[in-house]
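Below: one structure, written as structure tokens.
In full-length UniProt numbering, the protein residues as written are 1 to 877.
Quick look at the structure:
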């Protein structure tokens with residue numbers, strides 16, 4: 001979301017050239033009453049879109065006059081700068097903008113203007129008139145010596161858009177037109193006309209290439225039905241659709257970018273005032289361009305879907321018929337030999353297939369679930385679904401790490417209402433190409449399809465302004481952001497708002513793209529997203545006390561090199577603008593998306609300056625009225641004499657009444673303006689007092705912490721000031737210092753004790769134990785042969801004891817085996833008498849038992865010595 005740097009910049013103040021650019025023209029040469037009545041009448045039938053731009057150039061319509069200016073020049077003139085490319089050191093305000101003559105009748109007021117995508121044409125709409133003018137290049141318009149230019153203009157539909165017909169509601173330039181000359185006009189009675197304009201062919205301005213009545217198309221069951229709009233002069237009866245299908249706004253579902261769904265830019269979305277939403281797909285001119293990746297992606301998806309429907313028993317006949325129509329339509333495109341459109345887009349130009357039909361089927365009305373609050377729809381904005389880049393490029397690229405796919409795989413439909421609410425809906429089912437059947441045998445399929453209504457899931461409702469701040473003729477509008485596709489501007493009677501969908505787009509897409517096996521717990525996660533990740537809303541303009549009258553749809557210009565990022569609109573005669581921070585994209589894919597420059601201290605946002613009321617700058621009408629009375633008296637046209645004495649006569653009473661009427665009206669307006677200024681001053685004084693009070697409270701808290709007791713005198717009725725902060729701080733510091741000294745003393749005492757433990761003598765028991773260990777060591781160690789010379793450690797002694805024990809055990813076992821073998825041999829060879837044998841055997845047995853006792857004693861001794869040596873080693877460590 002962009003940060004507001006400045007509201008109401010100074011170069012738009014009263015007296016500046018940018019301010020004069022938005023002032024109405026001189027009314028002396030035209031019928032002011034007729035134009036005022038036309039403006040009031042036109043404001044009730046549609047939005048006010050009288051500002052358009054081409055780069056940094058802006059076009060503004062006031063009355064029946066069209067003006068041109070360069071915002072960069074207006075800004076430099078207001079800031080006192082000099083453009084280095086101009087020879088003149090200073091320009092008057094009149095030379096900074098020009099009037100463009102458009103041949104609009106004086107009794108009609110321009111309601112909408114729209115510049116074509118190529119910047120070569122501008123469409124100008126009144127209530128019953130549409131004119132297309134050829135725009136000169138910027139170099140021609142920027143020529144300083146020519147103040148008024150007459151544009152070459154053409155009337156579009158001179159017999160279709162007339163006073164007797166329904167008023168115009170919207171005019172759109174088709175985004176897929178190769179030359180940028182395909183214009184759509186939509187009337188209030190739901191008639192859509194597509195004009196493929198050709199300057200060399202005047203017939204292209206008289207007859208549309210496509211014209212359809214949506215009310216007829218909604219009831220049609222075959223492409224052979226009469227779908228054309230009624231001709232001029234044909235009478236038509238009343239129908240319920242006249243009220244239910246009142247068009248309020250329209251837009252295309254995409255701009256033809258490579259990362260968009262292929263059907264999006266071919267889809268025309270139409271919103272009806274009562275709340276219904278319809279879609280026409282594909283709605284194309286006779287020649288249209290496509291990016292290189294659109295046709296392959298559409299063909300792959302359609303062919304795969306057709307195969308699924310052929311082998312699936314759950315697919316209906318209508319789904320199979322739609323897939324067949326799409327496959328035939330794309331097959332005809334594949335058979336064409338497209339021409340390459342020169343330019344950066346490197347796109348291919350195709351011809352519109354005539355089969356299944358040139359006019360698509362009307363899809364809708366879409367059911368919004370859950371049903372939103374009541375309110376007439378005033379505008380619609382659609383964000384196209386994002387196409388996965390993995391399907392369009394090689395598999396070697398890791399797109400997850402590069403963070404290329406950061407959009408939603410489903411479409412987003414935003415609806416604005418006259419109650420100050422914006423409904424954000426998700427198009428989960430999507431919109432694809434559909435046509436009416438050409439044969440009568442398939443009509444029943446489409447009649448049965450009315451039961452399967454397409455739905456839009458209501459994700460969030462954003463409340464921008466309360467109902468009491470909405471004007472009587474409020475018509476909120478949308479403006480797409482040039483910086484981010486998931487960011488839009490909403491123009492309300494209370495100002496301009498910025499809506500950013502980024503907080504929940506990434507989280508929602510992760511849930512939608514998760515595999516089937518990871519759907520466990522999705523209800524909890526979705527509820528968490530709905531509760532925590534909401535659309536971010538920020539007000540770009542200053543707060544207003546009353547709703548703005550006749551506010552124009554805002555435009556947004558992004559020119560990082562010169563102008564910056566600006567949002568511009570106007571209300572009546574007053575320009576409204578906000579300077580935004582230029583978004584800085586990450587240069588490296590692994591850097592964060594949101595870049596915030598480091599600053600020592602964030603500057604406070606400036607308060608919007610006071611704009612004086614227009615009544616302060618209007619001259620009084622009384623001097624002119626007195627001058628007219630003097631001329632009448634001099635010519636003798638009236639019986640009285642304005643220069644004579646004041647007499648009690650009907651003439652004097654009449655003149656006094658007329659003068660009082662003029663003065664009372666002017667003084668009343670001056671009083672209201674002065675009262676508004678007085679209220680602003682009072683509010684500023686109260687805010688200043690509140691800020692001073694807050695600073696005083698903050699100073700009191702700071703003084704309580706720092707220990708300064710320089711408080712002012714206690715005022716009755718105010719909060720009691722905290723006293724004694726200095727003594728409290730000093731006492732606390734003194735206590736901490738004493739505690740620190742105590743800790744230092746304890747540490748010193750412990751250090752002395754540890755130093756004394758190192759020099760203490762051994763006790764008598766400790767010395768006796770040491771002597772015993774040494775004696776045992778002397779007894780055992782001479783038997784060890786593995787000790788190295790000069791090595792006398794506890795570990796080496798333990799190893800020596802273990803080695804001695806192993807040697808003794810091995811010797812005892814060998815001696816026992818020898819004795820047993822020798823005794824058996826003697827018993828077998830010679831058998832002595834029983835007494836002698838028994839005596840010999842008893843003697844040997846006693847000797848063996850003695851040897852084993854000695855071994856067991858040595859073993860116990862060795863184990864005890866080993867245990868003591870290990871304990872000593874552990875104590876030494």
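Yeah, the Cβ is synthetic: ideal placement off N, Cα and C, and Gly gets one too. As the structure is a computational prediction, the values presented were derived from the model and not from experiment.
Residue 845 and residue 852 have their alpha carbons spaced roughly 11 Å apart. Assignment of residue 100 by DSSP, reduced to helix, strand and coil, places it in the strand class. Per the coordinates, the alpha-carbon of residue 541 lies some 29 Å from the alpha-carbon of residue 275. Residue burial is scored here from C-beta neighbours: residue 617 has fewer than 16 other C-beta atoms within 10 angstroms and is therefore classed as exposed. Residue 142 carries a coil assignment under DSSP once its states are collapsed to helix, strand and coil.
Membership of residue 526 in the alpha helix (DSSP H) is indicated by the continuous run 522 to 532. Per the coordinates, the alpha-carbon of residue 556 lies some 12 Å from the alpha-carbon of residue 71. Burial is judged here by how many other beta carbons sit within 10 angstroms of a residue's own beta carbon; residue 48 has at least 16 and is buried. Residue pairing by DSSP places residue 477 opposite 491 in a beta bridge.
Per DSSP, reduced to three states, the secondary structure at residue 136 is coil, with no helix or strand assignment. Taken through DSSP and simplified to helix, strand or coil, residue 309 comes out as helix.
Collapsing the DSSP output to three states places residue 22 in coil. The Cβ neighbour count for residue 308, taken over all protein chains shown within 10 Å, is under 16; the residue is labelled exposed. Residue burial is scored here from C-beta neighbours: residue 695 has fewer than 16 other C-beta atoms within 10 angstroms and is therefore classed as exposed.
Only exposed fits residue 648, as fewer than 16 other CB atoms lie within 10 angstroms of its CB. Under the three-pair Cβ rule at 8 Å, the region 196 to 206 counts as touching the region 151 to 171. The beta-carbon distance between residue 553 and residue 567, rounded to whole angstroms, is 11 Å. This is too long to meet the 8 Å contact definition.
Per DSSP, the unbroken beta strand (DSSP E) holding residue 170 starts and ends at 168 to 173. Take the alpha-carbon of residue 490 and the one of residue 423: they are about 12 Å apart.
Where residue 426 is concerned, the enclosing beta strand (DSSP E) starts and stops at 421 to 427. Boundaries cannot be given for residue 407, as no alpha helix (DSSP H) includes it and DSSP labels it neither H nor E.
Take residue 457, set aside five residues on each side of it, and the residues of its chain with a beta-carbon closer than 7 Å to its own are 369, 425, 426 and 428, in chain order. Residue 214 sits close to residue 192, with the two beta carbons spaced by under 8 Å. By the Cβ-count criterion, residue 251 is buried, with 16 or more other Cβ atoms from all chains shown falling within 10 Å of its own Cβ. For residue 207, the closest alpha carbon among the candidates 230, 219, 188 and 190 is that of 230. Judged by DSSP in its simplified three-state form, residue 14 adopts coil rather than helix or strand. Only exposed fits residue 202, as fewer than 16 other CB atoms lie within 10 angstroms of its CB. For residue 127, the three-state secondary structure derived from DSSP is coil.
With the rule of 3 Cβ pairs closer than 8 Å, the region 303 to 321 does not count as touching the region 359 to 377. Straight-line measurement puts the Cα of residue 745 at about 15 Å from the Cα of residue 755. Look at residue 147 here: in three-state DSSP terms it is coil, with no helix or strand label. Straight-line measurement puts the Cα of residue 611 at about 20 Å from the Cα of residue 80. Residue 551 is positioned such that its CB atom lies closer than 8 Å to that of residue 571.
By the Cβ rule, the region 406 to 425 does not count as touching the region 328 to 343, because fewer than three pairs are nearer than 8 Å. CA-CA distance, residue 99 to residue 107, rounds to 18 Å. Judged by DSSP secondary structure, residue 279 falls within the beta strand (DSSP E) whose first and last residues are 277 to 280.
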